[in-house]
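Structure first, commentary second.
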Amino acid sequence: MTIAEMNFFQRMLYILSNYGGSLAKGAATTMAIAIICTLLGCLIGFAVGLVQTTEPHRKDGMVKRGLLRIVKIILTAYVEVFRGTPMMLQAAFIYYGMSQLFGINLGMWSAAIIIVSINTGAYMAETVRGGILSVDPGQTEGARAIGMSHVQTMLFVVLPQALRNIMPQIGNNLIINIKDTCVLSIIGTVELFFTFKSISGALYTYFEAATVTMIIYFVLTFVCSRILRFVEEKMDGPSNFDLATTDTLAFTSGLTSYNNKTGGTH
Amino acid sequence: MEAILKVEHLVKTFGTNEVLRDIDFSVYKGDVISIIGSSGSGKSTLLRCINMLEEATGGEILYHGKNILDGSVDEDRYRTKVGMVFQTFNLFNNYTVLDNCMIGQMKVLKRNRGDAEARAMEYLSRVGMEQYIKAKPRQLSGGQKQRVAIARALAMDPEILLFDEPTSALDPEMVGEVLDVMKNLAESGMTMLVVTHEMAFARDISKRVVYMADGKIEEEGPPSEIFGNPKSQRTKDFLSRFTKG
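Chains A and B, in that order, are what the protein sequence lines are. Be aware that the first sequence starts at 137, since it is given in the working numbering, and climbs by one per residue. Be aware that the second sequence starts at 4, since it is given in the working numbering, and climbs by one per residue.
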């Protein structure tokens with residue numbers, strides 16, 4: 137039976153059996169780029185967001201204040217430029233620019249990772265800034281009042297809470313990255329969308345190939361969003377706590393811990 | 004006796020708004036001082052200036068004779084010696100009760116985990132919260148949070164403890180448990196500076212009362228004098244509003 141004689145489902149099965157390996161490889165590449173770049177983007181975002189929310193200390197001299205100001209202007213420019221232009225063009229700009237201007241030929245992986253990371257970083261910078269601002273100023277005052285330095289306050293009190301608050305947005309970014317890596321096909325990165333183009337080009341079965349690829353994208357993003365939700369719940373910790381006591385009256389429901397799932401101790 | 008803290012000609016302005024004008028007073032070891040006055044009289048700002056959460060505009064704050072405002076005293080070090088309890092508790096939401104009382108000891112005072120935990124447990128027992136060490140702040144009532152906040156401040160071994168309206172954000176039935184802890188502390192000889200609207204606390208527990216109005220100290224003296232025989236007309240008016248209830 138030729139492709140032309142098959143029905144919709146047979147064509148999909150045909151694609152899966154003949155190109156399953158390529159699709160899996162494409163999906164793996166997509167996921168690897170998305171996960172690595174979201175993590176790197178978070179690091180960039182935290183660094184930039186931290187600097188953006190730093191206020192000069194009252195005892196700082198003119199030089200330090202001036203320096204902070206200049207760094208902030210540069211970072212703002214970075215955020216605005218990379219948020220304000222399409223990633224597809226950024227990819228072309230950096231990839232071809234590097235080879236034409238500096239004679240550097242970025243490999244497929246390094247190009248993909250650099251482009252998506254700095255793009256994610258630009259979005260994350262604003263998210264982190266919002267996350268830091270969302271933490272009650274009283275938390276900072278409480279930390280400063282027991283003698284913590286600015287760095288300690290940020291590290292132990294503000295950032296952990298900011299991170300929890302922006303987890304949904306980090307999840308958003310991961311999912312956006314899974315889908316947006318498809319623009320990397322412009323520089324020849326062999327990811328899931330590139331694989332789709334190859335298959336549909338070879339078989340002329342655009343509809344079926346698109347369906348199969350869409351399902352794969354959806355499974356990837358859905359699984360990721362569920363996992364992230366689970367991580368968020370873990371971060372919140374249990375909603376109940378045990379009393380630390382030797383008073384047996386506190387143990388009226390027995391000595392076992394409260395069970396979060398069944399709600400009781402039995 | 005040398006004063007632990009000596010405030011001289013302290014001035015604080017927010018823009019053109021003069022919140023503190025020429026404040027003078029001293030805190031000696033074992034003092035329990037209540038600062039009373041209407042809202043907006045500058046009581047909280049005074050405490051926040053002493054703890055350097057606000058930068059004083061003028062004057063001096065001498066800690067054992069050293070002016071903390073001229074940059075010669077390490078700010079973070081100084082703050083470990085002058086503890087602060089806030090109206091809004093400000094417990095760290097990302098830590099359990101026990102960790103709240105340990106993190107400052109470990110990160111700021113560099114105590115090891117064992118020492119920090121022992122000290123934290125000692126003070127948590129003292130405020131009656133030793134059973135709740137595994138709870139997160141969001142699982143506690145206001146009064147419980149405030150008692151943990153007091154234990155957290157005590158665990159740093161401060162010389163003075165500042166209280167900024169510690170019972171103002173509490174439901175009436177929880178005010179008592181916090182005041183009991185404070186009374187107990189006062190009796191144990193802790194040096195305390197308390198901004199409060201609890202007149203009973205000011206009258207019965209503090210050794211000195213400072214009445215503030217319009218950013219100035221209007222009257223200062225032992226509670227028997229301030230409550231029994233106030234000299235200033237403004238103090239009389241302020242107190243009569245409370246006694247009429």
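The C-beta atom is built at its ideal place from N, Cα and C for all residues, glycine as well. The model shown is predicted, which means the values in this text are computed figures rather than measured ones.
* Asked: So D27(B) is in the beta strand (DSSP E); what residue range does that whole segment cover?
  -> As a working note, residue 27(B) is residue 24 in the second sequence. Here the beta strand (DSSP E) through D27(B) covers N20 to V30.
* Is the shortest distance between the beta-carbon of P304(A) and the beta-carbons of chain B less than 8 Å? -> Translated into positions along the first sequence, residue 304(A) becomes position 168. Chain B, which has no Cβ nearer than 8 Å to the Cβ of P304(A), makes this no.
* Can you give me the start and stop residues for the beta strand (DSSP E) that G62(B) sits inside? => Indexing the second sequence from 1 puts residue 62(B) at position 59. It spans G61 to Y66 - the beta strand (DSSP E) in which G62(B) sits, taken as one unbroken run.
* Where D240(B) and G40(B) are concerned, what is the direct C-alpha to C-alpha distance, given to the nearest angstrom? -> Locating residue 240(B) in the second sequence gives position 237, where the first residue counts as 1. Locating residue 40(B) in the second sequence gives position 37, where the first residue counts as 1. Their backbone Cα atoms lie some 11 Å apart in a straight line.
* Which residues in the same chain as A346(A) place their Cβ atom closer than 8 Å to its Cβ, once the five residues preceding and following it in sequence are excluded? -> Position 210 of the first sequence, counted from the first residue, corresponds to residue 346(A). Cβ neighbours of A346(A) beyond the five flanking positions: F332 and S336.
* Asked: Is R219(A) buried or exposed, if buried means 16 or more other CB atoms sit within 10 Å of its CB?
  -> Within the first sequence, numbered from 1, the residue matching residue 219(A) stands at position 83. R219(A) comes out exposed.
* Answer yes or no: the CB of A346(A) versus the heavy atoms of the ligand SAM, is any distance below 7 Å? => The ligand SAM is not part of the structure shown, which contains no ligands of any sort.
* To do: Using a Cβ-Cβ cut-off of 8 Å, state whether A475(A) counts as contacting chain B.
  => This structure cannot settle anything about residue 475(A), because the visible part of chain A is limited to 137 through 402.
* To do: Leaving aside the five residues before and after F182(A) along the sequence, list all residues of the same chain whose C-beta is less than 6 Å from its C-beta, in chain order.
  => Taking the first residue of the first sequence as 1, we reach residue 182(A) at position 46. Cβ neighbours of F182(A) beyond the five flanking positions: V264.
* Inter-residue CB distance, G278(A) and L173(B) (contact presumed, cutoff 8 Å) -> Translated into the one-based positions of the first sequence, residue 278(A) becomes position 142. Translated into the one-based positions of the second sequence, residue 173(B) becomes position 170. Actually they are not in contact, since the Cβ atoms of G278(A) and L173(B) sit about 17 Å apart, beyond 8 Å.
* Cross-chain neighbours of D196(A) in chain B, by beta carbon under 9 Å -> Working through the first sequence from its first residue, we reach residue 196(A) at position 60. Neighbours of D196(A) on chain B: none; closest Cβ ~11 Å, over 9 Å.
* **Contact set for V207(A): own chain, Cβ-Cβ below 8 Å, skip 5 residues either direction** => On the first sequence, position 71 is the one that residue 207(A) refers to. So the qualifying residues of the chain are V187.
* To do: Compute the Euclidean distance between the alpha carbons of F230(B) and T238(B), then round it to the nearest angstrom.
  => Against the second sequence, residue 230(B) aligns to sequence position 227. Against the second sequence, residue 238(B) aligns to sequence position 235. One C-alpha to the other measures close to 9 Å.
* Asked: Can you tell me where the beta strand (DSSP E) with I268(A) in it begins and where it stops?
  -> Within the first sequence, the letter at position 132 stands for residue 268(A). Run containing I268(A): none in the beta strand (DSSP E); it sits in the alpha helix (DSSP H), M244 to S270.
* Asked: What are the boundary residues of the beta strand (DSSP E) that includes V355(A)?
  -> Residue 355(A) sits at position 219 when you count from the first residue of the first sequence. Taken as a continuous stretch (DSSP letters only), V355(A) belongs to no beta strand (DSSP E), being part of the alpha helix (DSSP H) at Y342 to D372.
* Does DSSP put Q37(B) in a helix, in a strand, or in coil? -> The residue given as residue 37(B) occupies position 34 in the second sequence. Looking at the sequence provided, one finds Ser at residue 37(B) rather than Gln. Residue state, collapsed to three classes: strand.
* To do: Inspect the beta-carbon positions of T349(A) and L328(A) and report whether they are closer than 8 Å.
  => By 1-based counting over the first sequence, the position of residue 349(A) is 213. By 1-based counting over the first sequence, the position of residue 328(A) is 192. Their beta carbons are under 8 Å apart, which means T349(A) touches L328(A) by this criterion.
* **CA nearest to the CA of G131(B), picked from Q236(B), I38(B), A152(B) and N20(B)** => Start at 1 with the first residue of the second sequence, and residue 131(B) comes out as number 128. The candidate whose alpha carbon is nearest that of G131(B) is A152(B).
* Quick one: what does DSSP say Y98(B) is sitting in, helix, strand or coil? -> Walking along the second sequence from the start, residue 98(B) turns up at place 95. In this structure, Y98(B) counts as coil in the three-state DSSP scheme.
* To do: Would you mind reading off the limits of the alpha helix (DSSP H) that contains A227(A)?
  => Looking up residue 227(A) in the first sequence gives position 91. Unbroken alpha helix (DSSP H) run through A227(A): M223 to L237.
* is_contact[S270(A), chain B] using C-beta, thresh 8 Å -> Mapped onto the first sequence, residue 270(A) falls at position 134. For S270(A), the answer is no, since every Cβ of chain B falls outside 8 Å of its Cβ.
* What is the residue span of the beta strand (DSSP E) that E221(B) lies within? -> In the second sequence, the residue the question calls residue 221(B) occupies position 218. Taken as a continuous stretch (DSSP letters only), the beta strand (DSSP E) holding E221(B) covers K219 to G224.
* Name the residue from I351(A), M371(A), R362(A) and L320(A) whose alpha carbon lies nearest to the alpha carbon of I230(A). => Taking the first sequence and counting its residues from 1, one reaches residue 230(A) at position 94. Comparing Cα positions, the closest option is L320(A).
* To do: Check whether the stretch 12-21 of chain B touches the stretch 56-66 of chain B, counting contact only when three or more Cβ pairs, one atom from each stretch, lie closer than 8 Å.
  => yes
* chain A residues whose Cβ lies nearer than 8 Å to that of E135(B) -> Taking the first residue of the second sequence as position 1, residue 135(B) is located at position 132. Looking at the sequence itself, residue 135(B) is Tyr, so the reference to Glu does not match. Residues of chain A passing the Cβ test: F377, L379 and A380.
* Would you mind sorting Q236(B) into buried or exposed? The rule is 16 or more other CB atoms within 10 Å of its CB. => Indexing the second sequence from 1 puts residue 236(B) at position 233. It is exposed - the Cβ of Q236(B) has fewer than 16 other Cβ atoms within 10 Å.
* By DSSP, does R211(B) sit in helix, in strand, or in coil? -> Taking the second sequence and counting its residues from 1, the one referred to as residue 211(B) is at position 208. Correct three-state label for R211(B): strand.
* Asked: When the distance is taken between beta carbons, is E5(B) closer than 8 Å to Q90(B)?
  -> Mapped onto the second sequence, residue 90(B) falls at position 87. Mapped onto the second sequence, residue 5(B) falls at position 2. Not in contact: Q90(B) and E5(B) (Cβ atoms no closer than 8 Å).
* Asked: Considering only residues of the same chain and omitting the five flanking positions on each side of I136(B), which have a CB-CB separation below 7 Å?
  -> One-based indexing of the second sequence puts residue 136(B) at position 133. Excluding sequence neighbours, I136(B) sits near T99, V100, L101 and L127.
* **Residue span of the alpha helix (DSSP H) that contains K46(B), given as start and end** => Position 43 of the second sequence, counted from the first residue, corresponds to residue 46(B). It spans K46 to I53 - the alpha helix (DSSP H) in which K46(B) sits, taken as one unbroken run.
* Where do the N-terminal and C-terminal ends of the beta strand (DSSP E) with L13(B) fall, by residue? -> Residue 13(B) sits at position 10 when you count from the first residue of the second sequence. Per DSSP, L13(B) belongs to the beta strand (DSSP E) from L8 to F17.
* Is it true that the stretch 25-36 of chain B meets the stretch 187-205 of chain B, where meeting means three or more beta-carbon pairs spaced less than 8 Å apart? -> yes
* Which residues of chain B have a Cβ atom closer than 8 Å to the Cβ of M290(A), listed in chain order? -> Sequence index remark: in the first sequence, residue 290(A) carries index 154 (1-based). Correct list: empty, because the minimum Cβ distance to chain B is about 12 Å.
* Starting from I306(A) and walking both ways along the alpha helix (DSSP H), at which residues does that stretch end? -> Walking along the first sequence from the start, residue 306(A) turns up at place 170. From DSSP, the alpha helix (DSSP H) with I306(A) extends over L295 to D316.
* To do: Can you tell me which of the three DSSP states A152(B) falls into?
  => Residue 152(B) sits at position 149 when you count from the first residue of the second sequence. Looking at A152(B) - three-state DSSP - the assignment turns out to be helix.
* For K403(A), write down the residues that DSSP places opposite it in a beta bridge. => Residue numbering for chain A in the displayed model covers 137 to 402; residue 403(A) lies beyond these limits and cannot be assessed.
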